[in-house]
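What follows is a set of notes on a single structure, which appears directly below.
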Amino acid sequence: MMEKELTEASVVEARAVRIRERRMDRMRCKHEMQSRQADELRGVRNLLHCQEARIAREREEGVAMAAADADMRRHWKAMALFDAKIQSDQMKRSVALLKQTMRLQVDEHDKMNAESKLMQEAEATERLAMDIAMAKTMSITKGHIVVHVACRLDEATSSRPVAGIEVLFRVTSMLASHMNTTLVHRVRNAYDMRRGLWARLAQEVPWRKADTNHAVAYREVAP
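At position 137 of the sequence shown (counting the first as 1) the number is 136 in numbering that gives the first Met the number 0, and the numbers step up by one without a gap.
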């Protein structure tokens, strides 16, 4: 009976030992699973943190790149405005230089025209003096006005049977010692001489007057 009880006790104890071992195995498996789940959860959490950090870093980099692009656009815009201003200043300077050059050319042209006009007037005065000196002259003085009338044979018709004449009228107004105004008019009747008529003095051309020192307004009537 003792043996039977011992056997039963050993069986019960062996069963209890197996139960404890199975319980310990289950607990160990559960602990390992919990540890593995904790590790997986920790890994997932770390992965999420890494992704969030990467997204935040990419966002910061995007903001920095956008700011850099905006700065670059502002820089290029400022450079374009500066270049446009430089080109505008250069264009204005070129236009000003061109206007100055054209003004100088116009002034030079006017100066040359004035010199040519003075030379023509001097030549006309000299030719008039020579013509009057070579012709028969009559002078009439009335107040400050002196009228010289010269008449001579027209050289253009001197070789014809009936020659024409040329009449020179010179009117000088001497209002002051330093200002002499001279008006000159020349009349030829060569055209009317072809018809045997005297020149039609009523069709005289208008006087041309110049109030300068010893000025001469000279005009010839074409035959």
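The beta-carbon is built from N, C-alpha and C at its ideal position, and this holds for glycine as well.
Per the DSSP secondary-structure output, Ser-138 pairs in a beta bridge with His-147. One Cα belongs to Glu-165, the other to Ser-93, and the distance between them is close to 57 Å. In this structure, Thr-140 lies near Val-146, with their beta-carbon atoms less than 9 Å apart. Going by beta carbons, Ser-115 and Ile-144 fall outside the 9 Å limit. Shown here for Ser-138: same chain residues with a beta carbon closer than 6 Å to its own, the five before and five after excluded, namely His-147 in chain order. By the beta-carbon neighbour count (other beta carbons within 10 angstroms, threshold 16), Arg-169 is buried.
For Asp-106 and Ala-65, the gap between their C-alpha atoms comes out near 60 Å. C-alpha of Arg-22 to C-alpha of Asp-38: approximately 24 Å in a straight line. Here the C-alpha atom of Ala-8 lies approximately 10 Å from the C-alpha atom of Arg-14. A direct Cα-Cα distance of roughly 10 Å separates Arg-17 from Val-11. Leu-46 and Met-26 have their C-alpha atoms some 29 Å from each other. If you ignore the 5 residues before and after Asp-88, its C-beta comes within less than 8 Å of no other C-beta in its own chain. Each residue's CA atom was taken as its position, placing Arg-41 and Ala-55 some 21 Å apart.
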